[in-house]
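>
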Amino acid sequence: MAQIALITGITGQDGSYLAEFLLAKGYEVHGVVRRSSTMNRGRIDHLQHANPSHPETSKFVLHYGDMTDSGGLNRLVKTVRPDEIYNLAAQSHVQISFDQPEYTGDADGLGTTRLLEAIRTMGLPTRFYQASTSEMFGLAPPPQNEATPFHPRSPYAVAKLYAHWMTVNYREAHHLFACSGILFNHESPRRGENFVTRKVTRGIAQILSGKSEKLRMGNLDSKRDWGHAQDYVEAMWLMLQQDEADDYVIATGVTRSVREFVEAAFSQAGLDWDRYVVLDEAYLRPSEVHELRGDPSKAEKKLGWKPKTSFAQMVHEMLENDLKLEGVDPAKHLKSVRRVPAELAAGLVVRARGDRGPRPPRSSGGSSSPGCRRHRSLGGRSRRYSRARSAAISKFSQNFSLPVSALSACISSRSSSQ
Ligand code: NAP
Ligand code: GDD
Numbered sequence: 312m313a314q315i316a317l318i319t320g321i322t323g324q325d326g327s328y329l330a331e332f333l334l335a336k337g338y339e340v341h342g343v344v345r346r347s348s349t350m351n352r353g354r355i356d357h358l359q360h361a362n363p364s365h366p367e368t369s370k371f372v373l374h375y376g377d378m379t380d381s382g383g384l385n386r387l388v389k390t391v392r393p394d395e396i397y398n399l400a401a402q403s404h405v406q407i408s409f410d411q412p413e414y415t416g417d418a419d420g421l422g423t424t425r426l427l428e429a430i431r432t433m434g435l436p437t438r439f440y441q442a443s444t445s446e447m448f449g450l451a452p453p454p455q456n457e458a459t460p461f462h463p464r465s466p467y468a469v470a471k472l473y474a475h476w477m478t479v480n481y482r483e484a485h486h487l488f489a490c491s492g493i494l495f496n497h498e499s500p501r502r503g504e505n506f507v508t509r510k511v512t513r514g515i516a517q518i519l520s521g522k523s524e525k526l527r528m529g530n531l532d533s534k535r536d537w538g539h540a541q542d543y544v545e546a547m548w549l550m551l552q553q554d555e556a557d558d559y560v561i562a563t564g565v566t567r568s569v570r571e572f573v574e575a576a577f578s579q580a581g582l583d584w585d586r587y588v589v590l591d592e593a594y595l596r597p598s599e600v601h602e603l604r605g606d607p608s609k610a611e612k613k614l615g616w617k618p619k620t621s622f623a624q625m626v627h628e629m630l631e632n633d634l635k636l637e638g639v640d641p642a643k644h645l646k647s648v649r650r651v652p653a654e655l656a657a658g659l660v661v662r663a664r665g666d667r668g669p670r671p672p673r674s675s676g677g678s679s680s681p682g683c684r685r686h687r688s689l690g691g692r693s694r695r696y697s698r699a700r701s702a703a704i705s706k707f708s709q710n711f712s713l714p715v716s717a718l719s720a721c722i723s724s725r726s727s728s729q
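Residue 312 is where the sequence shown starts when you use my numbering, and the numbers rise one by one after that.
(1) For Thr319, write down the residues that DSSP places opposite it in a beta bridge.
(2) Can you give me the Cβ contacts of Asp394 inside the same chain, cut-off strictly under 6 Å, excluding the 5 residues immediately before and after it?
(3) Below 8 Å on the Cβ atoms is my contact criterion, and I expect Leu614 with Leu551 to pass it. Report the Cβ-Cβ distance as a whole number of Å.
(4) Would you kindly work out how many angstroms separate the C-alpha atoms of Lys510 and Met433, rounded to a whole number?
(5) Report yes or no: do the stretch 523-541 and the stretch 576-595 share at least 3 C-beta pairs separated by less than 8 Å?
(6) Compute the Euclidean distance between the alpha carbons of Thr566 and Met312, then round it to the nearest angstrom.
(7) With a Cβ-Cβ cutoff of 7 Å, do Tyr496 and Arg535 count as a contact?
(8) What residues come near the ligand GDD, if near means a beta carbon less than 5 Å from any of its heavy atoms?
(9) Taking only runs that begin and end inside the stretch 547-626, name each unbroken alpha helix (DSSP H) of 4 or more residues, in chain order.
(10) When you compare only the Cα positions, how much space is there between Glu498 and Ala468?
(11) Can you say whether Gly564 is buried or exposed, counting buried as having 16 or more other CB atoms within 10 angstroms of its CB?
(12) Under 8 Å by Cβ, that's how I've got Asp633 and Arg501 pegged, so tell me the actual separation to the nearest angstrom.
(13) Is the closest heavy atom of the ligand NAP to the C-beta of Arg345 under 6 Å?
(14) Is it a yes or a no for the stretch 407-419 touching the stretch 323-335, going by three-plus beta-carbon pairs under 8 Å?
(15) Just the Cα atoms here: how many angstroms apart are Ser445 and Met477?
(16) Would you please state the rounded distance, in angstroms, between the beta carbons of His304 and Leu317? I believe it to be under 8 Å.
(17) Say whether the stretch 366-380 touches the stretch 435-453, bearing in mind that this needs 3 or more beta-carbon pairs closer than 8 Å, one atom from each stretch.
(18) Please state if the CB of Arg482 and the CB of Ala489 are separated by a distance shorter than 7 Å.
(19) Is Leu426 helix, strand or coil by DSSP?
(20) Is the beta carbon of Pro466 sitting closer than 7 Å to the one on Pro412?
(21) When the Cα atoms are used, what is the spatial distance from Ile321 to Gln553?
(22) CB-CB under 7 Å to Gly376, same chain, minus the five flanking residues each way: which ones, in chain order?
(23) Measuring straight from C-alpha to C-alpha, what distance separates Tyr543 and Trp537?
(24) Looking at Gln455: is its Cβ nearer than 7 Å to the Cβ of Phe448?
(25) Out of Asn480, Val588 and His360, which one is the CA nearest neighbour of Ala556?
(26) Got a sec? Which residues, its chain only, sit under 7 Å from Arg685 by beta carbon, not counting five neighbours each side?
(27) Rounded to whole angstroms, what is the Cα-Cα separation between Tyr559 and Ser403?
(28) Let's test the definition: count the other Cβ atoms within 10 Å of the Cβ of His539 and tell me whether it reaches 16, buried, or not, exposed.
(29) If you reduce the DSSP assignment to three classes, tell me which class Thr444 lands in.
(30) Determine, using beta carbons only, whether Ile561 and Gly492 come nearer to each other than 7 Å.
(31) Which same chain residues end up closer than 7 Å to Gly337 when comparing Cβ atoms and leaving out the 5 residues on each side of it in sequence?
(32) With hydrogens ignored, establish whether the beta-carbon of Ala556 is closer than 6 Å to any heavy atom of the ligand MG.
(33) Among Pro618, Ala580, Phe622 and Val588, which residue has its Cα nearest to the Cα of Glu631?
(34) Run through the DSSP bridge pairs and tell me what Ile493 is partnered with.
(35) Relative to the alpha-carbon of Glu602, which residue among Leu450, Ala610, Phe622 and Glu637 has its alpha-carbon at the smallest distance?
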């Protein structure tokens with residue numbers, strides 16, 4: 312018999328990828344959708360069309376429900392009797408949580424307890440996945456792993472931290488198979504339009520289509536560890552397939568500033584970001600999370616999970632999608648992206664920064680970093696090379712998914728040591 316999964320938040324970025332992933336594995340997938348005055352199912356329409364809508368026969372069934380409504384959630388768990396629940400539903404925007412702290416606490420925090428209670432009181436053997444977040448680390452310095460102390464910086468992060476500890480508590484107190492996946496930022500063409508990466512790629516598409524002239528942004532200095540959502544949903548599933556329930560950090564191990572993301576995306580589209588991006592204080596947060604960089608070694612070791620998509624590929628995919636949506640031909644504007652495995656790209660950056668992980672033995676050439684070695688010829692100080700150097704850094708940054716600052720730092724350290 313097919314395994315049955317219940318996904319809350321199925322209309323969201325992750326929910327839609329996870330539903331595809333589970334259907335491909337032969338699961339019967341049930342999803343919770345909210346009633347809204349306009350249909351809000353763009354990310355899962357294709358799944359509905361591919362699956363006949365009779366609940367008795369379909370492998371893909373949607374149910375109305377809301378994380379703030381215990382009665383409805385109880386009924387759902389009772390009727391669906393899922394083997395696995397993936398709790399992805401949340402008011403997931405950090406800045407908006409400052410405007411809606413109580414609702415965010417209700418949906419993101421108490422909503423999780425409602426589901427855990429439903430499983431417990433019905434005595435089901437259901438396995439439970441909680442969508443926890445790197446935002447819970449907040450001010451804790453990177454790299455962050457499962458042992459890093461939490462210091463949340465927003466109502467969203469506080470609500471998620473409560474949900475995280477409830478998940479742990481139901482595992483310890485009531486022996487539920489309950490896992491908390493502490494996922495770092497993950498993006499895709501399906502990313503919500505008001506998260507920074509998608510805002511940038513959409514903004515570029517609108518600039519190229521002539522719809523807008525400027526992109527208004529907040530803090531460009533904060534740093535995030537960005538991966539691809541499609542890679543991350545596999546990790547959720549893997550957590551529920553283990554012999555024992557546990558918590559895992561899922562990340563790439565590489566951090567970049569928002570500015571670096573902006574530079575990379577504009578550069579792929581052949582634009583100079585400086586000419587278009589303007590600061591708008593409306594997008595600054597009352598308290599910011601300055602730097603997130605996850606250490607996914609536990610997930611690598613125990614789940615055998617690794618990110619597959621490189622940063623440059625992800626940015627390219629997002630741009631391609633948004634240009635098409637704006638009626639702009641990607642082939643005319645986007646530079647092609649050299650495909651480098653994400654882990655190789657990550658390794659180059661980590662070593663270039665010299666702040667994590669064992670270094671390979673030094674070669675007689677001096678540099679210990681393959682990234683540095685590859686670009687040694689760029690290290691000359693002569694002025695006549697400086698323009699070519701900047702252009703080359705930008706190009707390598709694109710092609711090899713390396714942040715400009717990491718390459719510059721790598722090259723400067725070579726220059727000063729020569
Ligand atoms: P998303 O695109 O914002 O999707 C959120 C989903 O939750 C949507 O389906 C939304 O429904 C649903 N939802 C919101 N409030 C609800 C409520 N009261 N009752 C029922 N459903 C509700 O988020 P995502 O990026 O896919 O993220 C999935 C989960 O992972 C979230 O819990 C998020 O906090 C967490 N997370 C995300 C990241 C990331 O970088 N993406 C990282 C760490 C953790 P509507 O479509 O009707 O709005
Ligand atoms: N949204 C947004 N809009 N963010 C901006 C902007 C802007 O115009 N300008 C700068 N930023 C900065 C934010 O201040 C933040 O430091 C960074 O860009 C990333 O913001 P978001 O993309 O909104 O994501 P987030 O890191 O706050 O939260 C996301 O990742 C979390 C995991 O760490 C969300 O997906 C959360 O749900 C998730 O838990």
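For each residue, glycine too, the CB sits at the ideal point set by N, CA and C. What you are looking at is a predicted structure, and each value in this text was computed from that prediction instead of being measured.
The relevant details are as follows:
(1) In the DSSP output, where bridge partners are listed per residue, Thr319 has Val343 and Asn398.
(2) Counting only Cβ-Cβ distances below 6 Å, and skipping sequence neighbours, we find Gln314 and Ile315.
(3) Not confirmed; about 10 Å, so no contact.
(4) CA-CA distance, Lys510 to Met433, rounds to 43 Å.
(5) With the cut-off at 8 Å, the stretch 523-541 and the stretch 576-595 touch.
(6) Rounded to whole angstroms, Thr566 to Met312 spans 43 Å at the Cα level.
(7) One point to set straight first is that residue 496 is Asn, not Tyr, in the sequence displayed. Yes, Cβ-Cβ distance for Asn496 and Arg535 is below 7 Å.
(8) Screening all residues for a C-beta within a distance smaller than 5 Å of any heavy atom in the ligand GDD leaves Ser403, Val405, Thr444, Ser445, Glu446, Asn496, Phe506, Val507, Met528, Gly529, Asn530, Ser533, Val569 and Tyr594, in chain order.
(9) Listed in chain order, they are 569-579.
(10) When rounded, the distance between both Cα atoms is 18 Å.
(11) Its Cβ being crowded by 16 or more others within 10 Å, Gly564 is buried.
(12) Cβ-Cβ separation between Asp633 and Arg501: approximately 11 Å, too far for a contact (criterion under 8 Å).
(13) Checking every heavy atom of the ligand NAP against the Cβ of Arg345, one is found closer than 6 Å.
(14) By the Cβ criterion, the stretch 407-419 is not in contact with the stretch 323-335, since fewer than three pairs of Cβ atoms, one from each stretch, lie closer than 8 Å.
(15) The alpha-carbon of Ser445 is positioned some 17 Å away from that of Met477.
(16) With the chain represented from 312 up to 729, any question about residue 304 goes unanswered, as that position is not in the structure.
(17) Judged by Cβ distances under 8 Å, the stretch 366-380 makes no contact with the stretch 435-453, as fewer than three pairs qualify.
(18) Annotated as proximal: Ala489 and Arg482, with beta-carbon spacing under 7 Å.
(19) Leu426: helix per DSSP, three-state reduction.
(20) Yes, Cβ-Cβ distance for Pro466 and Pro412 is below 7 Å.
(21) Between the C-alpha atoms of Ile321 and Gln553 there is a straight-line separation of about 23 Å.
(22) Val343, Gly383, Leu384 and Leu387.
(23) Looking at the two C-alpha atoms, the distance is approximately 11 Å.
(24) In contact: Gln455 and Phe448 (Cβ atoms closer than 7 Å).
(25) Cα-wise, what sits closest to Ala556 is Asn480.
(26) Any reading at Arg685 must be qualified, since the residue scores a pLDDT of 30, below 50, and its modelled position is unreliable; no value is offered.
(27) Linking Tyr559 to Ser403 through their CA atoms gives a straight-line distance of about 20 Å.
(28) With 16 or more other Cβ atoms from the protein chains shown falling within 10 Å of its own Cβ, His539 counts as buried.
(29) In this structure, Thr444 counts as strand in the three-state DSSP scheme.
(30) Taking C-beta atoms as the reference points, Ile561 and Gly492 count as a pair closer than 7 Å.
(31) Closer than 7 Å at the Cβ level, and outside the excluded window around Gly337, lie Ala313.
(32) Ligands displayed in this structure: the ligand NAP and the ligand GDD; the ligand MG is not among them.
(33) Selected option, being the one with the closest Cα: Ala580.
(34) Bridge partners of Ile493 according to DSSP: Ser443 and Val560.
(35) Checking every option, the nearest Cα to that of Glu602 belongs to Leu450.
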